[in-house]
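A.B. asks:
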Amino acid sequence: MNEQTERRVTLEKEGIAELEEKKSIFIGRAKPVANEEEAQSYIKEIRAKFPDARHHVWAYRLQGDVVMRCSDDGEPQGTGGVPTLDVLKKSGVSNAVVVVTRYFGGILLGAGGLVRCYSKAAMLAVREAGVVTMEKCRCWRLTCSYSEHPRILAELPKFGAEIGETTFAERVALFFTVRANAEQNLLIRLREMSGGTVEPEQIGEIFLPVREEN
4 MNEQTERRVT
14 LEKEGIAELE
24 EKKSIFIGRA
34 KPVANEEEAQ
44 SYIKEIRAKF
54 PDARHHVWAY
64 RLQGDVVMRC
74 SDDGEPQGTG
84 GVPTLDVLKK
94 SGVSNAVVVV
104 TRYFGGILLG
114 AGGLVRCYSK
124 AAMLAVREAG
134 VVTMEKCRCW
144 RLTCSYSEHP
154 RILAELPKFG
164 AEIGETTFAE
174 RVALFFTVRA
184 NAEQNLLIRL
194 REMSGGTVEP
204 EQIGEIFLPV
214 REEN
């Protein structure tokens, strides 16, 4: 299995954290995203919700280091966007966006102070969102006879497959998701059980949290 394409480290949920430095308020928000469009949409959403803030510094990282963008949003160059992006890189988090909103308190913090505050607000938001390792799983659809259905239903969990929707018509149509490391063994087993009559069809992919090994 190719770890780089089959697994990724991202955020579990949206996280929000706040800190104050010399009357300036920094509010960090971190969120998992699937693509650049979602990241930009989230940035626009935060801008629209908090138009009275002085700055909305942001950064996002997608597909490892394939896509990385950041903005100081009016702060001195290199004091906001790059430190925020560095938090994502150092934590190994990808497919995520961070926006740090600043309400200026009237006291200048200096370049070093800004770097520290934006880094800390981003780090706290990422921590609040939760870092999780996801692995790619494939989604499948199979059809079988009513007589085969109970045996297949009992077999799928043995390979860690997660069973989804099931429909009953002339034949049973069953949807399931299975992780990459068990996929081939499960497909072989289904063919053996059915004498080759059950041949699942791949219908998509999804990322699910990595299971803890016992």
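For the sequence shown, the working numbering gives the first residue as 4, with consecutive numbering after it. We treat Cβ as the ideally placed atom computed from N, Cα and C, and that holds for glycine.
Does the Cβ of S122 have 16 or more other Cβ atoms within 10 Å, making it buried, or fewer, making it exposed?
C.D. replies: S122 is buried by the Cβ-count criterion.
A.B. asks: Are the beta-carbon atoms belonging to W61 and G84 less than 8 Å from one another?
C.D. replies: Their beta carbons are under 8 Å apart, which means W61 touches G84 by this criterion.
A.B. asks: Measuring alpha carbon to alpha carbon, tell me which of R154, A172, T180, R174 ends up nearest E165.
C.D. replies: Per the Cα distances, T180.
A.B. asks: With H, G and I counted as helix, E and B as strand and the rest as coil, what does DSSP make of N217?
C.D. replies: Because the pLDDT at N217 is just 40, under 50, the model does not fix this residue reliably, and the point stays unresolved.
A.B. asks: Please go through the same chain and pick out, in chain order, the residues whose beta-carbon is closer than 8 Å to the beta-carbon of T8, but skip the five residues on each side of it.
C.D. replies: Bear in mind that a pLDDT of 48 at T8, under 50, signals an unreliable position, so the number given afterwards is only what the model happens to contain. Closer than 8 Å at Cβ, skipping near neighbours: K139.
A.B. asks: Identify, in the order they occur along the chain, each residue of the same chain with its Cβ nearer than 8 Å to the Cβ of A183, setting aside the five sequence neighbours on each side.
C.D. replies: M4, E9, E138, K139, C140, R141, listed in sequence order.
A.B. asks: Taking the beta carbon of V102 as the centre, do at least 16 other beta carbons fall within 10 Å, making it buried, or is it exposed?
C.D. replies: So V102 counts as buried.
A.B. asks: Contact between the segment 103 to 111 and the segment 21 to 28: three or more CB pairs below 8 Å?
C.D. replies: With the cut-off at 8 Å, the segment 103 to 111 and the segment 21 to 28 touch.
A.B. asks: Would you kindly work out how many angstroms separate the C-alpha atoms of S197 and K161, rounded to a whole number?
C.D. replies: Cα-Cα distance, rounded: 17 Å.
A.B. asks: Pick from E24, T146, T169, V201: whose alpha carbon is nearest that of G113?
C.D. replies: The candidate whose alpha carbon is nearest that of G113 is E24.
A.B. asks: Going by the beta-carbon positions, is the gap between L193 and P203 smaller than 8 Å?
C.D. replies: For L193 and P203, yes; Cβs fall inside 8 Å.
A.B. asks: Quick one: Cα of T111 to Cα of I209, how far?
C.D. replies: The sequence shown places Leu at residue 111, not Thr. About 46 Å.
A.B. asks: Given 8 Å as the limit, is there contact between the segment 141 to 153 and the segment 168 to 175, that is, 3 or more CB pairs closer than that?
C.D. replies: Judged by Cβ distances under 8 Å, the segment 141 to 153 makes contact with the segment 168 to 175, as three or more pairs qualify.
A.B. asks: So if DSSP puts C147 in a beta bridge, which residue, or which two residues, is it bridged to?
C.D. replies: In the DSSP output, where bridge partners are listed per residue, C147 has V175.
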